[in-house]
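Numbering (our numbering), first residue to last: 40 to 255.
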C-alpha cells in the first residue's frame, strides 16, 4: 500500500506540473498492430518502399518504422540498419557504429550510429521482429542532446508492444518505487519519460493517471 501511495503522489504530480500538456500519448496506429509511448501524437509518412514512419518530438525524434519486408532469422541487424541509414542520408556522409561514449548508455540489442562528425546526428536503434513484418525503433538527436536521448531511448523501447506479444515490462525491478526508478534522470523531460514509462509496468498501470494515459 505504501508503494502504491508513493506512486500515486508522483503520478498526481505530473498533472499538477502540467506534464500532460505535452500530450504524452500511448499511441496505437490505425492498423492497431502496436502500441508505444510518444511524448506527443506522432505524424506518419509512407515511404517509397512501402514502409511507414511514425515520428514525434522536435529536439529529439522518437520514431517507429514499420518495415514492409520480413527480417531474415539470421540477419545482421547492424548491417540492415546501416544500409537504411546510407539510403536515407547518402553514402557521402561519415557513418560510424558507436560502441562506447561518455555521455551515452549502451544496452544489449541496441545499435548506435553517428552520422556526420562528432557534432552530427546520433541515432539509437532497436529492432523487433513480429511474424511477417519487423519494426525498427529509433531515437535520433543532435550531438548535444545525446545524453537525454540515451536515457529516454530505454524508456521508449521498453513501452513498445506489437499486437499479440507480451509487454516488455512486467513489474518494477527489485520492487522499486517511482522515485528510485527515475532517480538518475537529470532533466525534467527524461524524468517525465521515465515516470510515464512506469504506466506500462504492472505495478503502476492501475493508477488513475496511468488509466488516463492508457485509456483503460
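Beta carbons: idealized from backbone N, C-alpha and C, even for Gly.
Since we're looking at a predicted model, the values are computed, not measured.
Sorted by chain position, which residues of the same chain lie with C-beta nearer than 8 Å to residue 186's C-beta, five sequence neighbours on each side aside?
142, 143 and 225
State the CB to CB distance for the pair residue 124 and residue 167, rounded to an integer number of angstroms; the pair is presumed to be in contact (CB under 8 Å).
So it is not a contact: roughly 18 Å between Cβ atoms.
Among 196, 202 and 101, whose alpha-carbon lies nearest the alpha-carbon of residue 236?
196
Quick one: what's got a C-beta closer than 7 Å to residue 202's C-beta in the same chain, skipping five residues either side?
71, 72 and 73
Length at least 3, wholly inside the segment 48 to 118: the beta strand (DSSP E) runs in chain order
64 to 66, 73 to 77, 82 to 85, 91 to 95 and 99 to 106
Could you compute how far the alpha carbon of residue 229 sits from the alpha carbon of residue 115?
31 Å
On the criterion of 16 or more Cβ atoms from any shown chain inside 10 Å, does residue 105 qualify as buried, or is it exposed?
buried
Does the segment 84 to 100 come close enough to the segment 172 to 183 that 3 or more CB-CB pairs lie under 8 Å?
As far as the Cβ criterion goes, the segment 172 to 183 touches the segment 84 to 100, which means the pair count is three or higher.
Out of curiosity, what's the CA-to-CA distance linking residue 62 and residue 80?
7 Å
With a cut-off of 8 Å on the beta carbons, I'd call residue 109 and residue 199 a contact; round off their distance for me.
That pair is no contact at about 18 Å.
Beta strand (DSSP E) containing residue 152: first to last residue?
150 to 154
Taking 6 Å as the limit between beta carbons, can you name the residues of its chain near residue 232, skipping five residues before and five after?
Excluding residues within five positions, the ones whose Cβ falls inside 6 Å are 191 and 194.
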